[in-house]
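In this note's numbering, the protein residues as written are 1160 to 1906. Glycine is no exception: its CB is placed at the ideal position from the N, C-alpha and C atoms. Contents: one structure, followed by commentary.
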Amino acid sequence: MDELLAKLTAAQQQAVTHIDGPLLVLAGPGSGKTRVITHRVAHLIHQGIRPYNILAITFTNKAADEMRQRIAAFNLPRGSTICTFHSLAARLLREFHEKADLPADFSIYDDADQRSAVRDATKKIELDPQNFPPAQMLNQISACKNDLESPEQFAARRTDFRGQKIALIYSAYQKQLKQNGALDFDDLLMKLALLLRDSELRDLLNQRFRYVLVDEYQDTNHCQYQIARGLALNHRNLCATGDPDQSIYGWRGADIGNILAFEQDYPDAKIVRLEENFRSTPQVLDLADQLIRANKKRKIKKLFTSLPPGSPCELAEFEDEYDEARGMTDWLQSLKEQNLEYRQMAVFYRVNSMSRPLEEALRRATIPYQIVRGVEFFQRKEIKDMIAYLRLLINLSDQVALKRVINRPTRGIGQTTIGRIFDHANSSGKDLWQILNNIDQVPTLANAARTRVKKFVAIIADLQKNLNQPVRQIVQTTYKKTGMESLLKADKNEDPHDNVCELVNSAAQYDNDSEAPSLAEYLQQIALVSDSDAYDAESGSVSLMTLHAAKGLEFPAVLIIGVEHGLIPHARSLDSEDSLEEERRLLFVGITRAQQKLRLSFARRRTNQGASLTTIRSEFLRTLQGLDFQQSLSPYEDFNDADEFQDEFQPIRRNNYQSHHRPHQWNNSPKKSKKRRPTSIDDSQTSTSTRSDINLQPNQLVRHPKFGLGRVKSISSDREHCFVVIQFNTGARKTLDLQYAKLDILD
DNA sequence: ACCTTTCTAGTTTTT
DNA sequence: CTAGAAAGGT
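In structure tokens:
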């Protein structure tokens, strides 16, 4: 052990050797935080503490797996609990389900399930989902749950008309979940937090988990904060690690104040700062620091590294997203020539939809890539159907699941029949499965419908006999006996069938990995999959992911695309200083993933919802010095490529209509755009982009979809908006916000 | 009951 | 643009 300590810095050693009492580790990016946590767990065990008494809470399952492996490498006894907040909650709620007043095999509802349930709830209390959109309601409800606020408390706070209605929906939704034997993601946390108010149970858990570690503490919400506090209430052996500068989940209730106030919560806490960076070149670190310095609400941290200098960070400009995508493949290929492997490269973007043009370009360039999006697979229709069947097997009260599969494949059970069954369930107050098993007692049903429902119930009952088999087996028989297999095999699109095979594989994998496999546990596990869980370091391919999913990872080469106003920072984050700072932290997280090579890129126009819009560079670029600016001086210009459309549509093709041709031209690289024009105000001196300039200049001819042709009279911008005054040919003179105006730049 | 067509509304980030 | 819901026809 001493030998292991010797490899750590003084600060790291302090954190590792601290045993009893609260500990806060403020760890800058790349400062060896994971190393500290794993060493600390090893050290605790080495000191004679039983692994069983140690609980480490990570942010993703992936992180938990990795940590488990790294601790296993110390060759110490195993048995520590390492998991996420959500899976900890799911486990404990299952274990103590009676105390929590839950069925043992509750369902866990994902986004779509939640929407369906809240929709049903809204209708049930005779409100129109049109006026109370499920997604919006869920946002509000989620916020409540994160703050441990009950419907009654919400109603007391929001006394306005709409607030009262939302409170009713919240309450009806909870009732609906209860009736379905289901919990949503937020419920998992909320129920655990509430459970911990029971002193008997809390004492028991305090005794079990005598040492508690919480990673990424800056991203805990109030509920998680209460859980952490409750779990360590008696012994106070709470170790929180994190970095306020990497707090990027404020939008889902994370409270950066939790980490900032740790010292107030635990006045006797030992504080350790890890400021030496072992990951990035001085250039990368310097850029990150320049960016994050602009945030006002933060704890100043001085990051430093003793790594040797690398190459300058780059900023690259492109014509549009397709151009940018090809810029990406070029860059990746040039790095490959410099002896980097593809698996050492990553591309980050702000929103998932930005991956499309990238994928296309990567396929065309035959560069292997993986999209790190774990949840996507489980959102496919056929997979959701299969999971709904499986859920139904262990929880027949699950109305959302039942509704989903009762008529898939079609069994002649339509909406009317389903409606009547549910109505009966609601009015009689009986469990759904009781009604299904005694379908003759539903008076409103036609005989034919009864027969069909009975047939369906027989299928489910038959499947339920085999629940003690391996999960792979259960999934396979379910696929067969429900008729899903014949349905999907008859489809000329083979993907759905292949996907179910993939699901079978995942079940087999689970059977292998788990000590005591059960369908319930398997379902719980896949319900809590996160995007980053899909990252495969061994795959040998370039990784594509959102900036959020990039947290906790590192790559020798990193490209961040779409560094534009409205994207980074995102348009929905512009209205408050706090959310703007969070966007800055998000970019900070992205930048600090890079070990050696870092490039940011942006496009001058980007297709948004079918329309190509002129963009503005991100204002975050303004404060950055020392970026090596690469303009795309039409490296992709190819006049041979100009097909017959070019001449015919020349005046139009400079405009939005360009994008209409795009989806169809797989082989043709999208026709490009002529010579680069000095469309920026100060192109000449932008070697380090010191200002956020736009691609317009006075007197420029433009076209607006509504107002027609016009000329730019003046341009002005503040931090958040860029306004242009345009004199239109119709006589109108308008001031337009570039963010919204769909302007085409004409010659 | 079910299929097709039409329309409308919603578009950040995620456990 | 695209997915999902309402509407209308068979």
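Secondary structure remark: continuous alpha helix (DSSP H) runs of at least 4 residues inside the stretch 1317-1369, in chain order: 1320-1339, 1344-1354, 1358-1367.
In this chain, the beta strand (DSSP E) harbouring A1762 covers 1753-1762. Excluding five sequence positions before and after R1539, the CB atoms of its chain that fall closer than 8 Å to its own CB belong to P1655, N1658, given in chain order.
In this structure, the CA atom of G1409 is about 44 Å from the CA atom of I1594.
In the DSSP assignment, D1787 is bridged to E1473. An exposed status is given to S1698, since fewer than 16 other beta-carbon atoms sit within 10 Å of its beta-carbon. Just so you know, the alpha carbons of L1354 and E1518 end up roughly 46 Å apart.
Less than 8 Å separates the beta-carbon of I1325 from that of R1317.
For D1695, the closest alpha carbon among the candidates E1713, L1419, T1400 is that of E1713. R1763 is a Cβ neighbour of T1773, given a cutoff of 8 Å. In the three-state reduction of the DSSP assignment, T1217 falls in the strand class, which pools E and B. In its chain, beyond the 5 residues on either side, T1782 have a beta carbon closer than 6 Å to the beta carbon of A1453. Under the DSSP definition of a beta bridge, R1579 lacks any partner. If you draw a straight line from the Cα of K1461 to the Cα of S1266, it comes to about 46 Å. Note that the stretch 1548-1559 does not touch the stretch 1723-1730; fewer than 3 beta-carbon pairs, one per stretch, sit closer than 8 Å.
P1629 sits buried, since 16 or more C-beta atoms from the chains shown fall within 10 Å of its C-beta.
Residues of the same chain with a CB within less than 8 Å of the CB of Q1529, apart from the 5 flanking positions on each side, are A1693, Y1694, D1695, S1698, S1700, V1701, S1702, L1703 in chain order. Annotation: the continuous beta strand (DSSP E) that includes S1771 extends over 1771-1773. Excluding sequence positions up to five before and after A1280, its CB lies within less than 8 Å of the CB of I1328, A1331, Y1332, K1334, Q1335, all in the same chain and listed in chain order. Where Y1548 is concerned, the enclosing alpha helix (DSSP H) starts and stops at 1540-1553.
Contact between the stretch 1670-1681 and the stretch 1234-1245 is absent, with fewer than three C-beta pairs closer than 8 Å. When the Cα atoms are used, N1396 and M1487 turn out to be separated by approximately 47 Å. The Cβ-Cβ distance between L1450 and F1779 falls below 8 Å. Around the beta-carbon of L1342, 16 or more other beta-carbon atoms lie within 10 Å, marking it buried. Here P1715 carries a strand assignment [DSSP, helix/strand/coil]. Looking at the DSSP output, F1463 shares a beta bridge with E1435.
Restricting attention to alpha helix (DSSP H) runs no shorter than 4 residues, the stretch 1381-1406 encloses them at 1381-1390, ordered along the chain. For I1720, the three-state secondary structure derived from DSSP is coil. From the listed residues Q1755, D1737, E1736, the smallest Cα separation to L1718 is found for Q1755. Taking the C-beta atoms as reference points, R1237 is found nearer than 8 Å to P1210. Taking C-beta atoms as the reference points, V1200 and I1230 count as a pair closer than 8 Å. Our two residues, A1620 and N1596, have alpha carbons roughly 9 Å apart in a direct line.
Within the model, the alpha-carbon separation for L1348 versus I1386 is close to 8 Å. Bridge partners of L1521 according to DSSP: none are assigned. Assignment of K1589 by DSSP, reduced to helix, strand and coil, places it in the coil class.
Membership of Q1171 in the alpha helix (DSSP H) is indicated by the continuous run 1169-1176.
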